[in-house]
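Novice: Numbering follows the working numbering, in which position 208 of the first sequence is assigned residue number 247; successive positions increment by one, without gaps.
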Amino acid sequence: MTNIRTRFAPSPTGFLHVGGIRTALFAHLVARQAGGTFVLRFEDTDKKREVEGSAEHLIASLAATGISYDEGPDKGGDYGPYIQSQRLEIYQKWAHKLISAGRAYADPYSSAEVQAFREQAQANKKAFLYRDHRPENPPVWDGTQPLRFKSDPKAYTWHDEVMGDITTGPEVIDDLILIKSDGYPTYNFAHIVDDSEMKITHVIRGQEFISSMPNFLNLYDALGVSWPLFAHMPHIMNEQGNKKLGKRDGAKDVLDYIRDGYLPEALISFIATLGWNDGTTKEVFTHDDLVTGFSLARVQRSGARFDEKRLLWVNGHFIRELSLDDLYDKAHDFWPEQASKADDAFKKRVLQLVQDRLKTLADLPMMTTYFFEEPSIDMSLITNNKQLKKLDVQARNEYLQATYDCLAALPEWTAESIQAALNELLETTGQKPGVLFSLIRIATTWAQFSPQLNDTLELLGKDITLQRIKTAIDAR
RNA sequence: GGUCCCGUCGUCUAACGGUUAGGACACCAGGUUUUCAUCCUGGCAACCGGGGUUCGAUUCCCCGCGGGAUCACCA
Numbered sequence: 040m041t042n043i044r045t046r047f048a049p050s051p052t053g054f055l056h057v058g059g060i061r062t063a064l065f066a067h068l069v070a071r072q073a074g075g076t077f078v079l080r081f082e083d084t085d086k087k088r089e090v091e092g093s094a095e096h097l098i099a100s101l102a103a104t105g106i107s108y109d110e111g112p113d114k115g116g117d118y119g120p121y122i123q124s125q126r127l128e129i130y131q132k133w134a135h136k137l138i139s140a141g142r143a144y145a146d147p148y149s150s151a152e153v154q155a156f157r158e159q160a161q162a163n164k165k166a167f168l169y170r171d172h173r174p175e176n177p178p179v180w181d182g183t184q185p186l187r188f189k190s191d192p193k194a195y196t197w198h199d200e201v202m203g204d205i206t207t208g209p210e211v212i213d214d215l216i217l218i219k220s221d222g223y224p225t226y227n228f229a230h231i232v233d234d235s236e237m238k239i240t241h242v243i244r245g246q247e248f249i250s251s252m253p254n255f256l257n258l259y260d261a262l263g264v265s266w267p268l269f270a271h272m273p274h275i276m277n278e279q280g281n282k283k284l285g286k287r288d289g290a291k292d293v294l295d296y297i298r299d300g301y302l303p304e305a306l307i308s309f310i311a312t313l314g315w316n317d318g319t320t321k322e323v324f325t326h327d328d329l330v331t332g333f334s335l336a337r338v339q340r341s342g343a344r345f346d347e348k349r350l351l352w353v354n355g356h357f358i359r360e361l362s363l364d365d366l367y368d369k370a371h372d373f374w375p376e377q378a379s380k381a382d383d384a385f386k387k388r389v390l391q392l393v394q395d396r397l398k399t400l401a402d403l404p405m406m407t408t409y410f411f412e413e414p415s416i417d418m419s420l421i422t423n424n425k426q427l428k429k430l431d432v433q434a435r436n437e438y439l440q441a442t443y444d445c446l447a448a449l450p451e452w453t454a455e456s457i458q459a460a461l462n463e464l465l466e467t468t469g470q471k472p473g474v475l476f477s478l479i480r481i482a483t484t485w486a487q488f489s490p491q492l493n494d495t496l497e498l499l500g501k502d503i504t505l506q507r508i509k510t511a512i513d514a515r
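Dropping the structure here:
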């Protein structure tokens, strides 16, 4: 174990979308590759925004995507509690240190008064700075007023592991609120206290915090806490690329992707390469690849768009890479209802035939139902088929009858013997495979598409194949 | 508007002063004696603009332009 400690600190206000998962993943990878520790912490200091059940949901999302952590609300650890609302005394203690050092004071104004200051500044076309209104003799803090930080405005230059060196002037530093009038700390204050107490070495979070960095730095200094390493992730943008991906514009819950048949490993590979690559032409990464190859230095500085088409390709890729047994395990919840009575061996063979065709596990029903129940006849498949629409009913039935006779005579029912019989049929009828095979395929599956014909018939079995051909002949 | 960040094919990206600017997704065409998919082959397609620095700039600097983030008793 090294002393590298990273954390993921979401607030339990909803679900986790790909942006959140990526931040968690990167923090997790930094810890894992260094043999360090990854901690989960809930930042629930805004009770108004808290969403019932979302803490559990967040934990489930991390579990589902294989992002493991070593310390957290449900795991414990040496630096708990890992829920901010249970750490209120700790913030009080640090707040009082600041007060006695003369670096924090009670805010005597009402929020309406502060708002008035703000509007006044706006009217004068000046940036609003609370410290321009810093009271000369603030009241003693009794916990009912907000507690403000007495900032020490100055220029800062700091290094960001992703963004590089950043410099700002004193004009962006202000007296921000440390503890709200409801007794809860703000993010600004609490995360610094917690990261310090929890010995966090790398603060990895979204880019939206960069603009607050000078204020944070000023607070670190006043608190006498040494700066950790910082890494701010570029945003994942929406599909139009015009703003950061948010829940408002269709950002999906990662658990929904799992429900929709995406493999966790595909999701992880895709999300990792949204803003990161290893410098080679490698396109997909396993978790192990990422643990060894990931580096903050190679994270992109600009935002990346979320491209569903690429995710779909990555998912198909991972599905094809899976062994049949692994795929079978993962596909467990995705079979069509009609398959419930089928046995494992048969389902496995079906799965083997469609493995190359699956883009998501959820494609399974659409591709396999006719293996488990009698398909309903859909003549439009024939009448809309550009090869078959030219055949009249009589010709069609003659071909089907010839197929029936030929297959019925087969002593042995294997993919090879079926193929041999079909080839022979091609010769005796003088018909093109495009016509004959399409006809047989549709007559036996009534599906838009299906695996290779001989494999399909073999798996269907001789009896069902013959019976379906017969039914097709009788149909009109 | 102030502040900060960013700017290579439609999209994700490679390139760390010298390349016919590479790969992948998507798209298009062809092949693998049926469909769909896989797989293979080929194709289309990019350095935001203008100045510098340099023998030489996609790459370094400056100015524009464009995009994003942030300016809460939210995180």
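Glycine residues also receive a C-beta, built at the ideal position from the N, C-alpha and C atoms.
1) Is it right to say G59 is buried, meaning 16 or more other beta carbons lie within 10 angstroms of its own, or is it exposed?
2) Take L256 and list the residues in its own chain whose beta-carbon comes closer than 6 Å to its own, dropping the five residues that flank it on each side.
3) Could you check the C-alpha separation between S235 and K321 for me, to the nearest Å?
4) Measuring alpha carbon to alpha carbon, tell me which residue in I275, G245, F357 is nearest A290.
5) Going by the CB atoms, is the gap between I508 and E482 shorter than 8 Å?
6) When the Cα atoms are used, what is the spatial distance from R157 to K348?
7) Should the stretch 331–338 be called in touch with the stretch 306–317, which here means at least 3 C-beta pairs below 8 Å?
8) What three-state label does DSSP hand R61 in the structure shown?
9) Flag this pair as touching only if the stretch 469–481 and the stretch 416–431 have three or more C-beta atom pairs under 8 Å; answer yes or no.
10) Tell me whether A166 is buried or exposed, calling it buried when 16 or more other Cβ atoms sit within 10 Å of its Cβ.
11) Between P253 and the rest of its own chain, which residues show a CB-CB distance below 7 Å, the 5 nearest in sequence each way excluded?
12) Can you tell me whether E304 is buried or exposed? The criterion is at least 16 other CB atoms within 10 Å of its CB, across all chains shown.
13) Exposed or buried, which one is H56 when buried takes at least 16 other CB atoms within 10 Å?
14) Give the straight-line distance between the Cα atoms of T468 and K425, rounded to the nearest whole angstrom.
15) Roughly how many angstroms separate the alpha carbons of N354 and K386, rounded to a whole number?
16) Find out if the Cβ-Cβ distance for the pair W485, Y409 is shorter than 8 Å.
17) Since G300 and F373 are thought to touch, with beta carbons under 8 Å apart, how far apart are those beta carbons, to the nearest angstrom?
18) When you compare only the Cα positions, how much space is there between D327 and D295?
19) Just curious, the alpha helix (DSSP H) that W352 is in, first and last residue?
20) Assuming R142 contacts A229 under a Cβ cut-off of 8 Å, what Cβ separation, rounded to an integer in Å, is found between them?
21) What are the start and end residues of the beta strand (DSSP E) that includes Y195?
22) When you compare only the Cα positions, how much space is there between H96 and F54?
23) If you compare alpha carbons, which of R170, I231, V242 is closest to D199?
Specialist: The relevant details are as follows:
1) Residue mapping note: residue 59 aligns to position 20 of the first sequence, counting from 1. Classification for G59: buried.
2) On the first sequence, residue 256 is found 217 positions in, with the first residue counted as 1. Cβ within range, chain order: Y195.
3) Translated into the one-based positions of the first sequence, residue 235 becomes position 196. Translated into the one-based positions of the first sequence, residue 321 becomes position 282. Their backbone Cα atoms lie some 38 Å apart in a straight line.
4) In the first sequence, the residue the question calls residue 290 occupies position 251. It is I275.
5) Counting from 1 along the first sequence, the entry for residue 482 is found at position 443. Counting from 1 along the first sequence, the entry for residue 508 is found at position 469. Checking the displayed sequence, the identity of residue 482 turns out to be Ala instead of Glu. Closer than 8 Å, so yes.
6) The residue given as residue 157 occupies position 118 in the first sequence. The residue given as residue 348 occupies position 309 in the first sequence. So the two alpha carbons sit approximately 46 Å from each other.
7) yes
8) Stepping through the first sequence from its first residue, residue 61 is reached at position 22. The answer is helix: DSSP assigns R61 an H, G or I state.
9) yes
10) As a working note, residue 166 is residue 127 in the first sequence. Classification of A166: exposed, given that the 10 Å Cβ count is below 16.
11) Taking the first residue of the first sequence as position 1, residue 253 is located at position 214. So the list reads Y195, T207, V211, I212, once near-sequence residues are dropped.
12) For the purposes of this step, residue 304 is identified with residue 265 of the first sequence, where counting begins at 1. So E304 counts as buried.
13) Counting from one through the first sequence, the residue named residue 56 turns up at place 17. With 16 or more Cβ atoms within 10 Å of its Cβ, H56 is classed as buried.
14) On the first sequence, residue 468 is found 429 positions in, with the first residue counted as 1. On the first sequence, residue 425 is found 386 positions in, with the first residue counted as 1. Taking the straight line from one Cα to the other gives about 20 Å.
15) As a first step, residue 354 must be located in the first sequence, where it is residue number 315. As a first step, residue 386 must be located in the first sequence, where it is residue number 347. C-alpha separation (whole angstroms): 21 Å.
16) Counting from 1 along the first sequence, the entry for residue 485 is found at position 446. Counting from 1 along the first sequence, the entry for residue 409 is found at position 370. Yes; because the gap between Cβ atoms is below 8 Å, this pair is in contact.
17) Numbered from its first residue, the first sequence carries residue 300 at position 261. Numbered from its first residue, the first sequence carries residue 373 at position 334. Right, the Cβ-Cβ distance comes to about 6 Å (below 8 Å), so this counts as a contact.
18) Numbered from its first residue, the first sequence carries residue 327 at position 288. Numbered from its first residue, the first sequence carries residue 295 at position 256. Straight-line Cα distance between these residues: approximately 24 Å.
19) On the first sequence, position 313 is the one that residue 352 refers to. Here the alpha helix (DSSP H) through W352 covers 347–360.
20) Taking the first residue of the first sequence as position 1, residue 142 is located at position 103. Taking the first residue of the first sequence as position 1, residue 229 is located at position 190. Their Cβ separation, rounded to whole angstroms, is 17 Å, which puts R142 and A229 out of contact at 8 Å.
21) Reading the first sequence from its first residue, position 156 is the one you call residue 195. Start and end: 195–199.
22) Within the first sequence, the letter at position 57 stands for residue 96. Within the first sequence, the letter at position 15 stands for residue 54. So the two alpha carbons sit approximately 7 Å from each other.
23) The residue you call residue 199 lines up with position 160 of the first sequence. Nearest of R170, I231, V242 to D199, Cα basis: V242.
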